[in-house]
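Chains as they are written, first to last, in the working numbering: chain A, 4 to 387; chain F, 43 to 383; chain Z, 490 to 810. Even for Gly, the Cβ is constructed at its ideal location relative to N, Cα and C. Just so you know, these numbers come straight off a predicted model, no measurement behind them.
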């Protein structure tokens, strides 16, 4: 165990190198290609946001890298090098020295992720005793210090409490304290704030960022929320249908999105600076079936900008103007083909918005006659 | 915040008018009670969408349910289309409930898993024996088309064969077949993916226009609430802090809590300034709410007055009301006379 | 505190209802209780003795019940005139064998069920899990009598270690540990195997659910060893159904004890109850059933307290009343 620890802390080069990583699940329906050939590297101390909708593979990706998916029916391939050492396919016995010690994870739901029957103190102390062989008193003192680090008031008293006695935000802080206990070099945060209120979310995201900088720790922040990654990451990887479809430094990505999916996703979010009742751009349909992913680009069936080629042939990752910016598209944002379609998309959106306004006016003007919905006619005893 | 008062109630064609609504639940047999909603007043004009926004435990969902009389509020008045609902019994209550419907956050669990989707949507018509069976079928198919669900597929499939977004469309269809006046939407899009969320929001806007609906839209996501609402009420710990037109609320938030709430939203723009909010911690327990303004324990501007006296909703002009002793915008009554800060 | 008083109230209601029903049932089964008690065709003298001891026996049921209840709670547990033995002496003689048998049956049941349930869940759908599943299903389908017969032919008759049919007798462990083991092992095993089968299935099902929960994944991600994940994190969260089932099985255990005691011995309270019923010894029937009711209700009470020991959330909810 000691060999690997020193490697992770002292070796040079990227902390994490992922190459053509695949995670497939054998199910009754067939092989689910949850993660399907993902490649990227992550430097020490950097925060990478992994963004995607449900079924994009973002959560499976983080759990695969951490080596937590070992159940029957899971097929892994590719390479995960952590501090220069291959860790994909290591047995749980070998990974145990990395888990909690080098890599730690924060889950989405702080209620279900803490053991409901174990005192808070024990849960924080556990990794300290396992990995650092700390005597009980030292471990307790360290636990209190960790709880103070994550700004939990009355830390000593909390040691003796159970998770149900704390609020959601406090539980998430406890989970962060557990994750930080052994000073990991790599933290996976899987939707760490999705279950929390917005004012608490801001505090927790700030806390993770602060701890990352203090400890020179790398963070992979998995989320569906482009807003969350915008302010709290150095780089962003966008996942769709098990593939990495765009990756760039955060500022570059927002300034110069290439992938129509990323652009459409951003456009579909309601914005505070738009007037109310602004018609939202939508992405029709839903994410692809990972058992039978579409031929060609996986986003093509839902893409307003797709052309024949997109349905036939899958684009490879192209490098954009910025050398660290890659995307997977034949007709990226900014290309003539994209702009041509985008005119139509915007015009269509404007038409829809006008139609809704007209319908509202119509309904207000004459709800008694005209194109009244059948349900209303039936309610008013009309023959339909 | 945490104020009371009715200054913000309007004259006009209110579909729904709630006054001094109180909802309390006992905590086991301890004699304590959860003060879920503590005397709020609201009105919703015909064709309007009222957004109710706030963090978990602020009482927004309880407000929605007690409007439906599910369960009946502890006290207060709920007038729906001129009818006092809190006094209605039995058949009259059931009849009133056909004109106001509710849709929920988790569409899949709110649909009976064993029945065909088309039957689920048809059921309210069967219960109320509206029209002939041919007419019912026609209505159901038309409504399903309107929400974007293929009636043929709905006749053959059960809810689990549809995605989350589609199930939400189905529950919207079910709420529409009786031609309601008012639909209370309780976090209808918070369980959905971003791209699907936009589809459902757009759909609600279309249906609202087409069916001439009045909506109460309850959500924790301020950006979503801003998009769909005409007027927004911000709630905190069972009280209303601020009421304003949607655009005005976001342009000039006047309650410190509203400001914090807006500043906390992560903006999808890395160049945007990150607001490190002044408030810390989480809302206190609604079992023992603080005296005075309920926000005083977390408010950066709170003083002794806030800890003893409950602020009343005051007019800021332009239909904008705030319940705060030290609002960020100056109330109309104080303009030109006293400066509050 | 409110919680405890509530449970005690429930306890008394159950006790009174059940003992009253038993009293009614014994009177229906006996046209002339006094004569039956005295032993059938007997002299007036003997009948007079019964009536002298229990004058309420020829009164109406509703008058009898409170007097019986008063006797019971003050320690007068009836008298068997045919056996010339007081209820109290009968219990002193017959209760210990049954208590030991029940205790060892539960110990054997848990000693088998816990490791089997935990390992089945850990290696879900593996060879061991499947084997355990078939085996437990077989044992669940077998009544204790069938298991007893099987043990007789497979173990007892092939070794000379254990007494054969009807041969087990009561030896206290402090008198002779080996003698106690010889006499109690086979009857307790006959009862315990069925329990183990039921309990291992409960435990496996709960463990399967627990092992899928986020906090188990988090424990793994902390670097906790698989053994510690199973025994420290998962098992405790998975025992609530098991505990419930232990309480429920106490009544089933009494049924099984009646059969096994008659088959192998030792002759405990179950055996005595059957004999009392055959003899229409109504005071003894009442006393035994009343004690059994107390036993079952106590077992449930203990289980209730155990819930709170295992799960702090239950403690918390109860504090709120």
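Exercise for review: Would you list, in chain order, the members of the segment 177-210 of chain A that have their beta-carbon closer than 9 Å to a beta-carbon of chain Z?
Suggested key: 178, 181, 182, 184, 185 and 191
Point to revise | Straight-line gap, residue 682 of chain Z to residue 689 of chain Z (C-alpha atoms, nearest Å) | key: 10 Å
Review point. Which residues does DSSP pair with residue 768 of chain Z in a beta bridge?
Key: Note: residue 768 of chain Z sits in no beta bridge, so no partner.
Point to revise | For residue 217 of chain A, the first and last residue of its enclosing alpha helix (DSSP H) | key: Secondary structure note for residue 217 of chain A: its alpha helix (DSSP H) is the uninterrupted segment 201-218.
Check your understanding: Contact between the segment 740-748 of chain Z and the segment 589-597 of chain Z: three or more CB pairs below 8 Å?
Key -> yes
Review point. Quick one, which of F/196, F/164 and F/190 has its alpha-carbon nearest residue 182 of chain F's?
Key: The candidate whose alpha carbon is nearest that of residue 182 of chain F is F/164.
**Study point:** Buried/exposed call for residue 672 of chain Z, threshold 16 Cβ in 10 Å
**Key:** So residue 672 of chain Z ends up on the buried side.
Practice item. Measure from the alpha carbon of residue 581 of chain Z to the alpha carbon of each residue in Z/570, Z/564 and Z/693, then state which is nearest. Key: Ranking Z/570, Z/564 and Z/693 by Cα distance to residue 581 of chain Z puts Z/564 first.
Review point. Since residue 238 of chain A sits in a beta bridge, which residues does DSSP pair it with?
Key: Partner(s): A/51 and A/252.
Point to revise | Same chain, Cβ closer than 7 Å to residue 803 of chain Z, five either side skipped, listed in chain order | key: By the criterion of a C-beta distance shorter than 7 Å, residue 803 of chain Z is surrounded in its chain by 796 and 797, once the five residues flanking it on both sides are discounted.
Exercise for review: Out of F/61, F/93, F/101 and F/48, point me to the one whose CA is closest to residue 21 of chain F's CA.
Suggested key: Chain F is shown only over 43 to 383; residue 21 of chain F falls outside these bounds and no answer can be derived.
**Study point:** Cross-chain neighbours of residue 272 of chain A in chain F, by beta carbon under 8 Å
**Key:** 236, 240, 265 and 310
Point to revise | Distance between beta carbons of residue 52 of chain A and residue 239 of chain A, contact taken as under 8 Å | key: 4 Å
Practice item. Could you check the C-alpha separation between residue 346 of chain A and residue 302 of chain A for me, to the nearest Å? Key: 20 Å
Check your understanding: Does the beta carbon of residue 808 of chain Z sit closer than 8 Å to a beta carbon anywhere in chain D?
Key -> In the structure shown, chain D does not exist; the protein chains are A, F and Z.
Practice item. Using alpha carbons as the reference points, say which of F/93, F/172, F/125 and F/213 lies closest to residue 148 of chain F. Key: If we check each option's Cα against that of residue 148 of chain F, F/213 comes out closest.
Check your understanding: Which residues in chain F sit within 8 Å of residue 496 of chain Z, going by Cβ to Cβ distance?
Key -> Under the 8 Å cutoff, chain F gives no residues; its nearest Cβ is about 15 Å from residue 496 of chain Z.
**Study point:** Inter-residue Cα distance where the pair is residue 4 of chain A and residue 105 of chain A
**Key:** Because the pLDDT of residue 4 of chain A is 41, which lies under 50, any placement of that residue in the model is unreliable, and the number read from its coordinates should be weighed accordingly. So the alpha carbons of these two residues sit roughly 11 Å apart.
Review point. What is the rounded straight-line gap between the Cα of residue 217 of chain A and the Cα of residue 600 of chain Z?
Key: 50 Å
Check your understanding: Based on Cα-Cα distance, which residue from F/220, F/345 and F/244 lies nearest to residue 231 of chain F?
Key -> Closest by alpha carbon: F/244.
Check your understanding: Three or more beta-carbon pairs under 8 Å between the segment 120-127 of chain A and the segment 159-168 of chain A, yes or no?
Key -> yes
Review point. For the candidate residues F/156, F/159, F/179 and F/157, whose alpha-carbon lies nearest to that of residue 167 of chain F?
Key: F/179
**Study point:** DSSP-derived helix/strand/coil call for residue 371 of chain A
**Key:** Residue placement at residue 371 of chain A is poorly supported in this model, since its pLDDT is 48, which falls under 50; the coordinates still yield a value, given next. It is coil, neither helix nor strand.
Review point. Just how far apart, CA to CA, sit residue 790 of chain Z and residue 288 of chain A?
Key: 56 Å
Practice item. Could you tell me the boundaries of the beta strand (DSSP E) in which residue 278 of chain F lies? Key: 273-278
Exercise for review: Consider the Cβ of residue 704 of chain Z: report whether some Cβ of chain A lies at a distance smaller than 8 Å.
Suggested key: yes
Review point. Does any CB atom of chain A fall closer than 8 Å to the CB of residue 694 of chain Z?
Key: no
Exercise for review: Examine the Cβ distances between the segment 705-712 of chain Z and the segment 763-774 of chain Z and report whether three or more of them are shorter than 8 Å.
Suggested key: no
**Study point:** Same chain, Cβ closer than 7 Å to residue 271 of chain A, five either side skipped, listed in chain order
**Key:** 283, 284, 285 and 286
Practice item. Jot down the residue ranges of each uninterrupted alpha helix (DSSP H) in the segment 327-363 of chain F, minimum 4 residues, whole runs only, in chain order. Key: 346-350
Review point. If we call anything under 8 Å between Cβ atoms a contact, is residue 172 of chain A one with residue 229 of chain F?
Key: no
**Study point:** Counted within 10 angstroms of its Cβ, other Cβ atoms place residue 7 of chain A as buried (16 or more) or exposed
**Key:** Reliability of the predicted coordinates at residue 7 of chain A is poor, the pLDDT of 48 falling under 50, and no value is obtained from them.
Exercise for review: Rank Z/782, Z/751, Z/518 and Z/562 by C-alpha distance to the C-alpha of residue 658 of chain Z and give the top, closest one.
Suggested key: Z/751
Review point. Can you find a CB in chain Z that lies within less than 8 Å of the CB of residue 76 of chain F?
Key: no
Check your understanding: Looking at residue 88 of chain A and residue 195 of chain A, is the spacing between their C-beta atoms short of 8 Å?
Key -> With respect to the 8 Å criterion, residue 195 of chain A and residue 88 of chain A are not classified as neighbours on the basis of their beta carbons.
Check your understanding: By how many angstroms is the C-alpha of residue 315 of chain F removed from the C-alpha of residue 264 of chain A?
Key -> 26 Å
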